[in-house]
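Under the numbering used here, read the sequence shown as residues 25 to 1162, first letter to last.
We treat Cβ as the ideally placed atom computed from N, Cα and C, and that holds for glycine.
Being a predicted model, the structure only gives us computed values, none of them experimental.
Remarks on the structure that follows.
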Amino acid sequence: MSERFKVSSVGDGGPQTNYGSIDNDEFDGKVSTPTSPGGGGVVGDCGGDDDGDSLVGGGGGGGAAAGDQETAASLSFSLANDRAVSPVLPGTIITDTIGLIPDRPRTKSPKRKDGADDKPFMVDMKEMSGYEKNLYLYSEEMADRPRVSMMINSLANYNATIPSAEESDAKPSAPRAKLGTLMGVYLPCIQNIFGVILFIRMPWIVGTAGGLLAFTIVFMCCCTTFLTGISMSAIATNGVVPAGGSYFMISRSLGPEFGGAVGILFYTATTVAAAMYIIGAVEIFLTYMAPMLSIFGDFTKDPSIMYNNFRVYGTVLLWIMCTIVSIGVAFVSKFAAIALACVIGSIIAILIGIFYNIGGTEKLQMCILGARLLSQVDNCTKEPGYDLWSIYCAKENNTVAQNISECDPYFQTHEVSLRQAIVGLASGEFTSNLGSHFMEEGKIIAATDDPDDYESLNNPTYNQILIDITTSFTVLVGIFFPSCTGIMAGSNRSGDLADAQKSIPVGTLAAIITTSVVYLSYLLLFTGSYDVLLMRDKFGYSVGGRLAIAAISWPNEWVILVGSLLSTVGAGLQSLTGAPRLMQAISKDGIIPFLLPFAKSSARGEPLRALLVTGCICQLAILIGNLDYIAPILSMFFLMCYGFVNLACALQTLLRTPNWRPRFKYYHWSLSFVGLSLCITVMFMTSWYYALLAMLIAGIIYKYIEFRGAEKEWGDGIRGLALSAARYSLLRLEEGPPHTKNWRPQILILAKLTKDLVPKYKKLFTFASQLKAGKGLTIGVSVIEGEYSKSYGESHAAKQSLRRAMNEEKVKGFVDTLIAKNITEGISHIIQTCGLGGMKPNTVILGWPYGWRHSPDERSWRVFLDTVRNVSAAKMALLVPKGINFYPDSMSKVSGTIDIWWIVHDGGLLMLLPFLLRQHKVWKNCKMRIFTVAQLEDNSIQMKKDLKTFLYHLRIDAEVDVVELMDSDIQTYTYERTLMMEQRTQMLKELRLNRKEQLNIVQAIVDHHHPTGEHAASKVRFKEEEPTLDSDAEAEMSGASEDTEKKTSKNESFKKLLTIKPDEANVRRMHTAVKLNEVIVNKSHNAQLVIINLPGPPKTSRPESESNYMEFLEVLTEGLERVLMVRGGGREVITIYS
25 MSERFKVSSV GDGGPQTNYG SIDNDEFDGK VSTPTSPGGG GVVGDCGGDD DGDSLVGGGG
85 GGGAAAGDQE TAASLSFSLA NDRAVSPVLP GTIITDTIGL IPDRPRTKSP KRKDGADDKP
145 FMVDMKEMSG YEKNLYLYSE EMADRPRVSM MINSLANYNA TIPSAEESDA KPSAPRAKLG
205 TLMGVYLPCI QNIFGVILFI RMPWIVGTAG GLLAFTIVFM CCCTTFLTGI SMSAIATNGV
265 VPAGGSYFMI SRSLGPEFGG AVGILFYTAT TVAAAMYIIG AVEIFLTYMA PMLSIFGDFT
325 KDPSIMYNNF RVYGTVLLWI MCTIVSIGVA FVSKFAAIAL ACVIGSIIAI LIGIFYNIGG
385 TEKLQMCILG ARLLSQVDNC TKEPGYDLWS IYCAKENNTV AQNISECDPY FQTHEVSLRQ
445 AIVGLASGEF TSNLGSHFME EGKIIAATDD PDDYESLNNP TYNQILIDIT TSFTVLVGIF
505 FPSCTGIMAG SNRSGDLADA QKSIPVGTLA AIITTSVVYL SYLLLFTGSY DVLLMRDKFG
565 YSVGGRLAIA AISWPNEWVI LVGSLLSTVG AGLQSLTGAP RLMQAISKDG IIPFLLPFAK
625 SSARGEPLRA LLVTGCICQL AILIGNLDYI APILSMFFLM CYGFVNLACA LQTLLRTPNW
685 RPRFKYYHWS LSFVGLSLCI TVMFMTSWYY ALLAMLIAGI IYKYIEFRGA EKEWGDGIRG
745 LALSAARYSL LRLEEGPPHT KNWRPQILIL AKLTKDLVPK YKKLFTFASQ LKAGKGLTIG
805 VSVIEGEYSK SYGESHAAKQ SLRRAMNEEK VKGFVDTLIA KNITEGISHI IQTCGLGGMK
865 PNTVILGWPY GWRHSPDERS WRVFLDTVRN VSAAKMALLV PKGINFYPDS MSKVSGTIDI
925 WWIVHDGGLL MLLPFLLRQH KVWKNCKMRI FTVAQLEDNS IQMKKDLKTF LYHLRIDAEV
985 DVVELMDSDI QTYTYERTLM MEQRTQMLKE LRLNRKEQLN IVQAIVDHHH PTGEHAASKV
1045 RFKEEEPTLD SDAEAEMSGA SEDTEKKTSK NESFKKLLTI KPDEANVRRM HTAVKLNEVI
1105 VNKSHNAQLV IINLPGPPKT SRPESESNYM EFLEVLTEGL ERVLMVRGGG REVITIYS
């Protein structure tokens, strides 16, 4: 009886129809199946090459499987009684079949030998969840690698990617107020940048340096902070930055040594800033608001009296403010709003006053004796009986001379005049005020450059106004620079921001630009509005001790006096609040042991110990008394901090660390280096000895942290130093696993060799080169089967060919070969022992076994699966590129998309790999698309929102799509594909058994004719003359009987195949593979690369399970040209933190 069937397949040449027949009466295991070019081939046929390990051919082209062509062909079809079942290959359309799904009797059957129930496939799909129905292939993975829908919400809310307790950088704080860019960054930066220098020193700097050089000073300082702001924006948007400002950013970017040094410098700068603000507040209050409260007398006659007043009042104000801060930050926070309003109001009042007095004002008049500026007197005249006569004509016996000839010589020869202090923009004084007037301490402020006017020549100076500090361009730079600091205020508040990665760069740079424009514009306005003598009069003695900047304001000078006082006090409170918390943060990190006691807080959570130390340090700065001496010290520490910020940004940009993914894109390493150079230049311009002192402090702290308890070793010569550095670095790496931020793929390439001992797939090295972009560790290794003593030459030749391959692909790394009696054992030894110390590979690139279907020998996939298991056991990441010959070479450029199919959470490796690939010029023009799978029970809208949030915090730009896998019954195609797979597995099992039986028969014949005993051997030789006809006939008869038995056993084996029912678990896994493949091909058929989770290998090593697993992977990736299957190493490799 013969049954006809027809199968129509879609191949490269279009729809093809194949006809075949099966003779059921005298079946001998052979099936005639005509094939057509490009048509559907037999099972396992992938267009392989001779060695059974080539790439998958396109279109499912014809050709029989290697090993047993006729038997493999028979696996394509099955027959049960009078019904034929035709398992259909992918892309096949059933046009005419008889009995597509057989009606098998539903009776209980005994268990199958492979452990699966031999019962009809009956699955109650209604009782299963969507994941059990549609993602069963990943069921074993989800035990320790949760599905994305479970993790994505916590990932988006910083819970999953926060480092563990052993390596935590910061703990997530409780939800706080979510501030925007304006309130959270811009205005706090404005408040911190605008400070006391603007109000009490800006006109003096303009008058002393002149408009041109003053503009240069301000512009240089603003450029320094602007470039630092760019670098800081890049670092601050490279993940979540908790409180700590520059300390946190530097320590997490350059390590604890630099971090500790910068942290102490930043703490000292903040503490000294508090002293500067306190001295500034006392100066405003005592000099301009209440001079009568001077304790030590008239400070206008002796500057030392004034500085003693500053010390006393500053000390009192300091400890009052420390008491306020110790009570709690609530008052400080509320007062900050008042201080901010005062700053903004004062600046507006000044601007209005400048234009209100555009024509000048007669209210402020200065008394000039010759060219010398005098302190204010009631009547500016030389007439006897008036103030000037009483001053310049006084005798030693406290009497006043009546004749001018007895008066001061300069008073005799020069006339007195009144001079307008505020001339207004319309006066035309702008050009005349552009020149500089640098003077030494003790010189007289004069309107000319004649030494007779500004030199006292050992004569009494009476009420003439003197220079109290030697001035120069560099000195003024040091005094002004603190007015540009405060740019860290936004990054310190990152925990309170709704969108820190957007608000910090926008708010900080906007604040720097705003303050720079205000400084530069006000500088020019002051140049044209004031008389130069008034601007050079630092304390305003010539106009009755009035603040020059307040005198021009509108509507009243008290607006500026009160506003500047409150803003300065507020800035001091902010510094005294921030400095102790910064010290507490450094202490909690434990990098400086002697600071550990300051990590503790009070019952109210206030760092009282740190506050006490801060107060003591601030007291020392206050004892200096003079703001002009405190400001350069402050500048040193801030410039050191800003320099390290620029250095951190430049180094991370040049090193291209995987974690360096700032969301702020408008930065460049050259800008950071320019900023660093400016910081160093300004430091040494300001004061070379202060600069060296600050560097010395930083160096001492750095070395203390670096060598705390470490062994020192001195090498001899350059080579000795290099070896010492290498040893030291390896020992440092040995201390523990790398932090998540420092994780980068250290690649181990397992390269297969051809018979000529050259790498079979050189594209593996190309792919590694593109993934590494020249960074990190790469080791190429091959295993040669044999004995080392006999194969040493082959090993050396193989190593040379590996080296050539790496050089051709420009991969920097090492190569090695291993000779082992077993390939699997050799690979296992490599995985266990490769590397030195902390320089061990953490990622394995393993080629796909393209010819596994071509051979019935289980070795074709056993090496692959054992390697997967060994890599997983070693906690290493695994990359399996499929279709490697279709990957682009390093000279080409591709454009399109890299599609990531994120099924289970694997530590973020799927996110990191495409980011690293896109650093290379080949993949640079590709965009990332991330797909994840949702079931009916998932909220796909929320999943998409959370995934976008997570990617935003990771600083990765990618399109996001959530694919909903709708619940559906198992398709007929899935059932038949599974049945086909199990029939093939069973047939291969039978083939292996038959081969073993054949080997046993051959061995028995050999044993029969070659007995082991000596007497038996002589007996055989003795009977050689006997005729062999009987034995030959017997052999022919036995051969005929064996042929009959073989034919019968083959028929029985084939009939047994037809009774196989698919295992339920296998059908569900196949359902996952088929359904995911449909979705992936639909969405990503045009993608340049598809990256997908590699399902875990079967836990048992039975050949049936392993063969099924390989078939599932083939189905999952069917129809995709370039696929990268990824399996994480069980740890987080990507983080949202900086």
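Top-ranked residue by Cα proximity to residue i, from the options
i      : options                          : result
Phe239 : Gly369, Asp985, Phe550           : Phe550
Asn894 : His1109, Ser1125, Tyr874, Ser813 : Ser1125
Val637 : Cys346, Lys612, Asn1101          : Cys346
Gln824 : Tyr812, Lys814, Phe838           : Phe838
Gln794 : Ser696, Arg877, Ala775, Ser916   : Ser916
Trp693 : Val1147, Ser255, Met207          : Ser255
Glu581 : Val1139, Val230, Trp343, Leu388  : Leu388
Leu774 : Ile851, Gly699, Ala722           : Ile851
Ala534 : Cys391, Gly208, His1109          : Gly208
Ile329 : Leu557, Arg628, Asn650           : Asn650
Asp561 : Ile229, Thr1096, Val1150         : Ile229
Trp872 : Val887, Cys858, Gly861, Leu860   : Val887
Gly629 : Leu342, Ile351, Ile1158          : Ile351
N- and C-terminal bounds of the alpha helix (DSSP H) containing residue i
i       : result
Asp613  : 581-613
Glu1128 : 1127-1140
Gln966  : 964-977
Arg633  : 632-646
Val1147 : From DSSP, Val1147 is part of no alpha helix (DSSP H) but of the beta strand (DSSP E) over 1147-1151.
As assigned by DSSP and simplified to three states, the class of residue i
i      : result
Pro227 : helix
Phe243 : helix
Asp474 : coil
Glu809 : strand
Val946 : coil
Tyr713 : helix
Ala354 : helix
Asp652 : helix
Ala445 : strand
Asn216 : helix
Ile704 : helix
Phe955 : strand
Pro912 : coil
Ala418 : strand
Gly723 : helix
Arg768 : coil
Span of the beta strand (DSSP E) around residue i
i       : result
Arg685  : Where Arg685 is concerned, there is no enclosing beta strand (DSSP E), given that its DSSP letter is neither H nor E.
Asn1117 : 1113-1117
Ala982  : 982-988
Phe838  : 838-844
Val386  : Going by the sequence as given, residue 386 is Glu instead of Val. Here the beta strand (DSSP E) through Glu386 covers 385-393.
Environment of residue i [buried if 16+ CB atoms lie within 10 Å]
i      : result
Ala655 : buried
Thr891 : buried
Ile924 : buried
Thr802 : buried
Pro579 : exposed
Asp970 : buried
Tyr904 : For clarity, residue 904 is Val in the given sequence; the question names Tyr instead. Buried, because 16 or more other Cβ atoms sit within 10 Å of the Cβ of Val904.
Ile446 : buried
Thr311 : buried
For residue j and residue i, believed in contact at Cβ under 8 Å, the rounded distance
i      : j       : result
Trp885 : Ser1129 : That pair is no contact at about 11 Å.
Thr252 : Ile511  : 7 Å
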